Amino acid sequence: MCLGIPGCITEIVDADQMLAMVDVSGVKREVNLACVLSAPADADQLIGRWTLVHVGFAMSLIDEDEARKTLELLAELGEIEEELAAMRDGAR
Amino acid sequence: MKFVDEFRDPQMAKALLAQIHALVKEIPRAQHKPLQIMEVCGGHTHSIFRYGLEQLLPREIELIHGPGCPVCVLPMGRVDDCVAIAEQPDVIFTTFGDAMRVPGSKKSLQQAKAEGCDIRMVYSPMDALALAKRNPDKTVVFFGLGFETTMPSTALTLQQARAQGVDNFQLFCNHITIIPTIKAILDSPDMYIDGFLGPGHVSMVIGQKPYEFISAHYQRPLVVAGFEPLDVLQSIHMLLLQIREGEARIENQYTRIVPEGGNHQALKAVSEVFELREFFEWRGLGSIDHSGVRIRESYAQFDAERQFVLPNLKIADPKSCQCGEVLKGVIKPQQCKVFGKQCSPETPLGALMVSTEGACSAYYSYGRIDAVAV
Ligand code: SF4
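Listed in order, the protein sequences are those of chains A and B. Quick note: the first sequence uses the numbering used here, first residue 126, plus one each step. Quick note: the second sequence uses the numbering used here, first residue -17, plus one each step.
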């Protein structure tokens, strides 16, 4: 919950609601961009960018290198599977 | 635990460790009594144990595992309140998975679910909101918990609920805030902390400024730290440099994620939806002034505390539990009388054994053999 997980923004779902699709290690998940985007008009510029995702919200933009290192770290910490499973299921 | 050779950059790790070992010798007071460095965040606790960093550090440094795991510091009475809400008719109670096994005075949420309550684990508060839209005849309550890292997500979800008129959605707000807690630790007569590793992702939201009182009023250093083992070592190194020079500054090791000013959009959402409570009760630490937030009047219709009658009782931990002393760093987890006996990850008595970010669970999973003899 507190470490967050990096994902790549692949498409803008709804610019006005600031919703985007993010790919996290192959799992696709809708994510809220309100914390990394000041105006909906700029949403398209985020496609292809990496972001740290906490509980369904993009909390900061990060570079790709950092994203990959963080994914490795999370895998080593044993945090990734649980997080991805939770993401995949949404609500159980 | 891992060996230094398995770290991503073993050369760098070895160089940092050599410098740390040398530096600590230059700090006279560390020769009499170990320097106490507190990692405030549970994410750091987990990393420290996973990589066995404690064993690599010189004896002159003692790491104190702070209260920064939101699941661990949740008092029993609050779990009871959750169960009371979940037991109401036509309620779907939603929570992050981490909170399911935290013991209440009678039962955990997991036990309540087994007894038939409609309790669902969600990944995000947005999932809880979506559930509310799909179930207009039920009241969907989301159990909001966590420090400033997760607070913006809950705030933004409530803003959406209001904008979309989802009036069967409620928040049971248990968000807590880190600054008053650090202050309480600094004021506590039981503890003397020489320096802090600051929480990386809380700082990503609040920035560096809120920590300034730690250096200005308490003359103690804090370094905002990342979660990789090298980040932690580098941050300890930065703290030692300050301690050797007799300085106390707020520094940022984790600049690749933490902007100096924090995240404005996130802070704006938080301050629109939440306000400080007079006090909030913490497991093991007791009541701390202004350490929690509640929902503002303007969002009252979404506030589960105003909609439900809650037991809201203060319930002391079982006598055998020593979670409070562990949280304050007064004792080590394995010194708790029930550690590994009545209390284990399968049958947790205390919350520190539940979360993977809790010190007891970390000791249990990656236990340091040499520490058992303490
Ligand atoms: S061993 Fe269990 S009861 Fe003892 S401090 Fe740890 S979590 Fe609390």
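Think of the CB as a built atom: it goes at the ideal place given N, C-alpha and C, for glycine as much as any other residue. These numbers come from a predicted model, not from an experiment.
Item checked: Within chain A, partners of N245(B) - CB distance below 9 Å -> C160, V161, M184 and S185
Margin query: Suppose only complete runs of 3+ residues qualify. What are the beta strand (DSSP E) ranges in the region 157 to 183 of chain A, listed by chain order?
Written below: 175 to 179
Next item on the list: Identify every residue that forms a DSSP beta bridge with T121(B).
Entry: V73(B)
Notebook entry, point to check: Cβ of V308(B) within 7 Å of any heavy atom in the ligand SF4?
Noted result: yes
Margin query: Let's test the definition: count the other Cβ atoms within 10 Å of the Cβ of A4(B) and tell me whether it reaches 16, buried, or not, exposed.
Written below: exposed
Next item on the list: In angstroms with no decimal places, state the Cα-to-Cα distance between A230(B) and E44(B).
Entry: 19 Å
Next item on the list: Could you tell me the boundaries of the alpha helix (DSSP H) in which F195(B) lies?
Entry: E194 to A198
Note to self: Output needed for Y348(B): all residues of its chain with C-beta closer than 8 Å, excluding positions within five of it in sequence on either side, in chain order.
What the structure shows: M(-17), F31, R32 and G34
Note to self: Is the beta carbon of P16(B) closer than 8 Å to that of T163(B)?
What the structure shows: no
Notebook entry, point to check: If we call anything under 8 Å between Cβ atoms a contact, is I130(A) one with I172(A)?
Noted result: no
Next item on the list: Give a yes or no on whether the C-beta atoms belonging to L215(B) and I19(B) are separated by under 8 Å.
Entry: no
Next item on the list: Decide if the region 202 to 213 of chain B is in contact with the region 224 to 242 of chain B; the criterion is three or more beta carbon pairs, one per stretch, under 8 Å apart.
Entry: yes
Checklist line | Near-chain A residues of the region 195 to 224 of chain B - C-beta to any C-beta below 7 Å | finding: F209 and E210
Check: Taking all protein chains shown into account, do 16 or more other C-beta atoms lie within 10 angstroms of the C-beta of E328(B), making it buried, or fewer, making it exposed?
Finding: exposed
Notebook entry, point to check: Can you tell which of F(-11)(B), N117(B) and F125(B) has the C-alpha that lies nearest to the C-alpha of E197(A)?
Noted result: F(-11)(B)
Checklist line | V187(B) beta carbon near the ligand SF4 (any heavy atom closer than 7 Å) | finding: no
Note to self: Give the residues whose C-beta lies closer than 7 Å to at least one heavy atom of the ligand SF4, in chain order.
What the structure shows: S302(B), C303(B), Q304(B), C305(B), V308(B), P315(B), C318(B), V320(B), F321(B), C325(B), P330(B), L331(B), G332(B), A333(B), L334(B), M335(B), G340(B) and C342(B)
Notebook entry, point to check: Is the region 171 to 185 of chain B touching the region 291 to 305 of chain B in the sense that three or more CB pairs, one from each, lie closer than 8 Å?
Noted result: no
Check: Is there a Cβ from chain B that is less than 8 Å from the Cβ of A211(A)?
Finding: yes
Notebook entry, point to check: Between the region 114 to 144 of chain B and chain A, which residues of the former have a C-beta closer than 7 Å to a C-beta of the latter?
Noted result: G128, T131, T132, P134, S135 and L138
Next item on the list: Could you tell me which residues DSSP puts in a beta bridge with N156(B)?
Entry: L127(B)
Item checked: Given F125(B) as reference, the closest of D109(B), N117(B), K115(B) and D119(B) once Cα atoms are compared -> D109(B)
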